[in-house]
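In terms of full-length UniProt numbering, the sequence shown opens at residue 40 and continues consecutively.
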Amino acid sequence: LSIKDLSDLQKLAVVGHGSSGTVYKVHHKKNQSFYALKVIFGIRQQPTLEAEILKRVDSPYVVRCHAVFDNGCSEANIENGSDLSFVMEYMEGGSLHDVLRAHHRLPEDVISCLAKRVLEGLNYLHGLHIVHRDIKPSNLLVNESGEVKIADFGISQVVKGKFEVSDLQLEMGTCAYMSPERVDPERWNGENADGFAADVWSVGVVMLECLLGHFPFISPGQKPDWATLICAICFGDSLEMPENASPEFQSFIRRCLEKDWHKRATVIQLLDHPFVNRNSCGSTRKLVDYVLPR
Ligand code: ATP
Ligand code: MG
């Protein structure tokens, strides 16, 4: 399939607003299909990298990008930047953030399948030396079959190979899902971290949030206060684990949320973990039962 012209796409609705741009549901008049169109305005450096990454990745675990349109950055508009658009596969179920808002929490069997897909996606990306750096519920998208895919390479980094990019401002990401070595590099030897382990940490936070029904490091109802959050991530040693959580779930979370990134499990190790392999993910309790039509 080739999408050659932006004018073939008709904007139907806004489906998301992010820190970098707006995402629309669009309809392609000629091939009668729906897509998501992410339009980014402004500064050029990172959106260009996001486009490069999107063009390269091709995996069932990562949201596909069908075309990139860049209106260029001439001398005249260099200050304000210009816009860049990505035509992506449309994920009808929205994000895991939407699923959690509607259902509050998910059963372990569903989380097990979810974890498996996200880890498969990270295994693929890490193999291409791409560190996602922003794994969180709103960046995990769901389609109508209940398949979860990784999206949003807005602050991703390529750690080896062709691209050499400097570390981007931390404030662009969400501190809440950030690992200790990124929140406090001095204490947790972040200078030497390769970045892959930080994605594993975020997976642990997301999966624990799915079972608890609220963000793990802050009690429900408590206002997110950054100082408390950073202290809990970097120093807190008593992790709130749901009372009825299975031993496999608890072990999985502890392996992800190991503060010292040297000791944290790798993606490959987690793909072998009993929690991830305990059921066939085509079975009864699937994420599709939790997806809301939109
Ligand atoms: P942020 O910086 O806030 O994470 P962003 O500007 O980088 O956001 P995205 O995360 O790519 O943008 O998209 C924002 C939201 O738009 C998503 O959380 C999701 O709800 C919706 N969205 C993005 N891509 C798609 C898609 N392919 N299909 C359906 N919805 C999408
Ligand atoms: Mg996002």
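Glycine included, C-beta positions come from ideal geometry on N, C-alpha and C.
Whole-angstrom distance between L247 and L309, CA atom to CA atom: Start at 1 with the first residue of the sequence shown, and residue 309 comes out as number 270. Start at 1 with the first residue of the sequence shown, and residue 247 comes out as number 208. So the alpha carbons of these two residues sit roughly 15 Å apart.
Chain-order list of residues whose beta-carbon lies under 6 Å from that of N228 (same chain, five-residue window excluded): Here residue 228 refers to the residue found at position 189 of the sequence shown. The answer is none, since no qualifying residue turns up.
Contact belief for S134 with S72 at Cβ below 8 Å, rounded distance in angstroms: Counting from one through the sequence shown, the residue named residue 134 turns up at place 95. Counting from one through the sequence shown, the residue named residue 72 turns up at place 33. At roughly 21 Å, the Cβ-Cβ gap does not stay under 8 Å, so S134 and S72 are not in contact.
Residues bridged to T61 [DSSP beta-bridge criterion]: Within the sequence shown, the letter at position 22 stands for residue 61. Bridge partners of T61: H56 and V78.
Exposed unless 16 or more other CB atoms sit within 10 angstroms - verdict on E46: As a working mapping, residue 46 is identified with position 7 in the sequence shown. Per the sequence shown, the amino acid found at residue 46 is Ser instead of Glu. Exposed: under 16 other Cβ atoms inside 10 Å.
Beta-carbon proximity list for R140, same chain, < 7 Å, skipping 5 on both sides: Numbered from 1 along the sequence shown, position 101 holds the residue referred to as residue 140. Cβ within range, chain order: n/a, list empty.
Of the residues T267, D109, N110 and S124, the one placed nearest K50, counting alpha carbons only: Position 11 of the sequence shown, counting from 1, holds the residue named residue 50. With distances taken between Cα atoms, K50 lies closest to S124.
I189 to V102 span [Cα, whole Å]: To locate residue 189, count along the sequence shown from 1; it is residue 150. To locate residue 102, count along the sequence shown from 1; it is residue 63. Cα-Cα distance, rounded: 6 Å.
C-beta atoms of V126 and H105 nearer than 7 Å: Residue mapping note: residue 126 aligns to position 87 of the sequence shown, counting from 1. Residue mapping note: residue 105 aligns to position 66 of the sequence shown, counting from 1. Yes, the Cβ-Cβ distance between V126 and H105 is below 7 Å.
Check whether S195 and I307 have beta carbons under 7 Å apart: Working through the sequence shown from its first residue, we reach residue 195 at position 156. Working through the sequence shown from its first residue, we reach residue 307 at position 268. Not in contact: S195 and I307 (Cβ atoms no closer than 7 Å).
F254 to V244 span [Cα, whole Å]: Position 215 of the sequence shown, counted from the first residue, corresponds to residue 254. Position 205 of the sequence shown, counted from the first residue, corresponds to residue 244. The straight-line gap separating the alpha-carbon atoms of F254 and V244 is approximately 8 Å.
D122 beta carbon near ligand 1 (any heavy atom closer than 6 Å): Taking the sequence shown and counting its residues from 1, the one referred to as residue 122 is at position 83. No - ligand 1 has no heavy atom lying nearer than 6 Å to the Cβ of D122.
4-residue-minimum alpha helix (DSSP H) runs that sit fully inside the stretch 141-198, ordered along the chain: 147-166
C-alpha distance - D122 paired with A52, whole-angstrom precision: Translated into the one-based positions of the sequence shown, residue 122 becomes position 83. Translated into the one-based positions of the sequence shown, residue 52 becomes position 13. If you take the alpha carbons of D122 and A52, they lie about 19 Å apart.
Residue span of the beta strand (DSSP E) that contains C104, given as start and end: Residue 104 sits at position 65 when you count from the first residue of the sequence shown. Counting along the chain, the unbroken beta strand (DSSP E) around C104 starts and ends at C104 to D109.
For ligand 2, residues whose Cβ lies under 6 Å from any non-hydrogen atom: G57, S177, N178 and D191
Identity of the residue in E279, Y129 and D109 nearest H66 by Cα: Within the sequence shown, numbered from 1, the residue matching residue 66 stands at position 27. Measuring from the Cα of H66, the nearest candidate turns out to be Y129.
Counted within 10 angstroms of its Cβ, other Cβ atoms place P219 as buried (16 or more) or exposed: Residue mapping note: residue 219 aligns to position 180 of the sequence shown, counting from 1. By the neighbour-count criterion, in which a residue is buried when 16 or more other Cβ atoms sit within 10 angstroms of its Cβ, P219 is buried.
Continuous beta strand (DSSP E) stretch holding M127: start and end: Residue numbering aside, residue 127 sits at position 88 when the sequence shown is read from its first letter. Counting along the chain, the beta strand (DSSP E) containing M127 begins and ends at L123 to E128.
Endpoints, the alpha helix (DSSP H) within which P219 is located: Position 180 of the sequence shown, counted from the first residue, corresponds to residue 219. P219 to V222 is the extent of the alpha helix (DSSP H) around P219.
Host alpha helix (DSSP H) of R294 (start-end): Stepping through the sequence shown from its first residue, residue 294 is reached at position 255. Note, R294: alpha helix (DSSP H), P286 to C295.
Where V330 falls: helix, strand or coil (DSSP): Residue 330 sits at position 291 when you count from the first residue of the sequence shown. Coil, per DSSP.
Proximity to L161 [Cα-Cα], best of Q261, D148, R144 and L179: Mapped onto the sequence shown, residue 161 falls at position 122. Closest by alpha carbon: L179.
Within 7 Å, strictly: CB atoms of G260 and H143: Position 221 of the sequence shown, counted from the first residue, corresponds to residue 260. Position 104 of the sequence shown, counted from the first residue, corresponds to residue 143. In this structure, H143 does not lie closer than 7 Å to G260 by Cβ.
S241 Cβ short of 6 Å to ligand 1 heavy atom set: Sequence index remark: in the sequence shown, residue 241 carries index 202 (1-based). S241: no, Cβ never under 6 Å from ligand 1.
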